[in-house]
């Protein structure tokens, strides 16, 4: 084989090797790019699913899930103590626990000989978000009745008793008030088998007073 032929052969071999290396590198880059793109897509999808799940959880906590299935940092006793700190030497006429604008709150109505009082306590923080007082109108025929809060059932016990009575649904609101001198829980139940129910029970004994 002549020197010219050898040189030509070597040139062809070198070109083939470089071409193969170039093709392999291109394939590797394309594969790497595809893998990165796939991982990015999976990450974005995972983030979207997490965000959707978070929104759904937030929505359920405010509306879909009954308060009978939740725990709150501020108990009824805590809220009563906060009311008494803000309006000492007054009587409590009623307490309502429900959700308002995404927050659960205790709403108090109270009174003394000269005025009526209102107070709202955040069930998560204990913050007083609303406090007001009005002078009683002498022409108002409504007689205020003070709640007796000693030895009463806890809200959870009252809600459990009410749900056992209807055997379905969930609680979206409860209220403590007086009925002919008796302190009662009025439990509002949604999605029961019959219809939406309001169960009134004796706050001391748990006995069903009205359905």
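In the numbering used here, the protein residues as written are 29 to 239. We treat Cβ as the ideally placed atom computed from N, Cα and C, and that holds for glycine.
| Asked | Found |
| --- | --- |
| Anyone know if the C-beta pair for residue 217 and residue 190 falls short of 8 Å? | yes |
| Taking the straight line between their C-alpha atoms, what separation do you get for residue 144 and residue 198? | 32 Å |
| Can residue 229 and residue 206 be called in contact, C-beta distance under 8 Å? | no |
| Helix, strand or coil, according to DSSP, for residue 188 in the structure here? | helix |
| If residue 142 sits next to residue 180, beta carbons under 8 Å apart, how far is it from one beta carbon to the other, in whole angstroms? | So it is not a contact: roughly 28 Å between Cβ atoms. |
| The alpha helix (DSSP H) with residue 112 in it runs from where to where? | 104-114 |
| Just the C-alpha distance for residue 113 and residue 184, rounded to the nearest angstrom, thanks. | 25 Å |
| By a C-beta neighbour count over all protein chains shown, 10 Å radius and 16 as the cutoff for buried, is residue 133 buried or exposed? | buried |
| Hey, how far is the Cα of residue 155 from the Cα of residue 131? | 12 Å |
| With 16 other CB atoms within 10 Å as the buried threshold, where does residue 158 fall? | exposed |
| Decide if residue 117 is buried, meaning its Cβ has at least 16 other Cβ atoms within 10 Å, or exposed. | exposed |
| What does the Cβ neighbour count give for residue 163, buried or exposed, with the cut at 16 atoms within 10 Å? | exposed |
| Between residue 188 and residue 104, is the Cβ-Cβ spacing less than 8 Å? | no |
| Using the three-state DSSP reduction, which class does residue 230 fall into: helix, strand or coil? | strand |
| Between the Cα of residue 203 and those of 227, 128, 106, spot the shortest distance and give me the residue it belongs to. | 227 |
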